[in-house]
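Enquirer: This is the structure, below, for whatever I ask next.
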Amino acid sequence: MLIRYKKSFEKIAMGLMSFMPTEKDIKQLQQSMKQYEEEKNFQLFLWKEEDIIGLAGVEIEEQQITLRHISVNPSHRNEGVGHRMIAALKDMYAEKELVSTSYTEGFLQKCEDNETAAE
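Each residue of the sequence shown is one higher than the last, beginning at 2 in this note's numbering.
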């Protein structure tokens with residue numbers, strides 16, 4: 002289930018976000034977290050099953066949402082968690098197009114390829 006980020010989840014969120022190649026530097030990681038906490042058009046979501054095991058960060062614009070961050074706990078990878086997060090985001094923002102950054106492009110393309118194959 003996709004849930005909105007709350008400050009009480011900060012350590013978990015930072016841990017998950019640190020798996021992103023762009024967030025290896027602690028200063029960059031803190032800056033990204035601050036952006037999600039302070040800027041209205043940036044939203045951070047956590048994926049919760051029994052525990053919080055994934056994270057997705059988006060920038061919400063008029064016509065689209067941009068997937069800025071996506072991360073899954075390594076012990077839960079290859080179980081479809083990322084794909085379920087993308088599907089939940091698409092449902093949540095059905096009226097907007099979901100687009101990627103250069104860092105999330107490969108994963109988003111993989112999800113879209115799997116959707117096409119399933120049809």
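Every residue, glycine too, gets a C-beta built ideally from N, C-alpha and C.
1) Quick check on the DSSP output: what are the complete alpha helix (DSSP H) runs of length 4 or more inside the stretch 33 to 95, in order along the chain?
2) Mind checking which residues open and close the alpha helix (DSSP H) that includes Glu1?
3) When you compare the CB positions of Leu47 and Phe10, do they come within less than 7 Å of one another, or not?
4) Using a Cβ-Cβ cut-off of 6 Å (strictly less than) and excluding sequence neighbours within five positions of Val100, which residues of its own chain qualify?
5) Contact defined as beta carbons within less than 8 Å: I believe Leu45 pairs with Tyr6. What is the distance between those atoms, to the nearest angstrom?
Expert: Well, looking at it:
1) 82 to 93
2) Any question about residue 1 goes unanswered here, given that the chain covers just 2 to 120.
3) As a working note, residue 47 is residue 46 in the sequence shown. As a working note, residue 10 is residue 9 in the sequence shown. Yes, the Cβ-Cβ distance between Leu47 and Phe10 is below 7 Å.
4) As a working note, residue 100 is residue 99 in the sequence shown. Closer than 6 Å at the Cβ level, and outside the excluded window around Val100, lie Gln65 and Thr67.
5) By 1-based counting over the sequence shown, the position of residue 45 is 44. By 1-based counting over the sequence shown, the position of residue 6 is 5. About 4 Å; that satisfies the 8 Å criterion.
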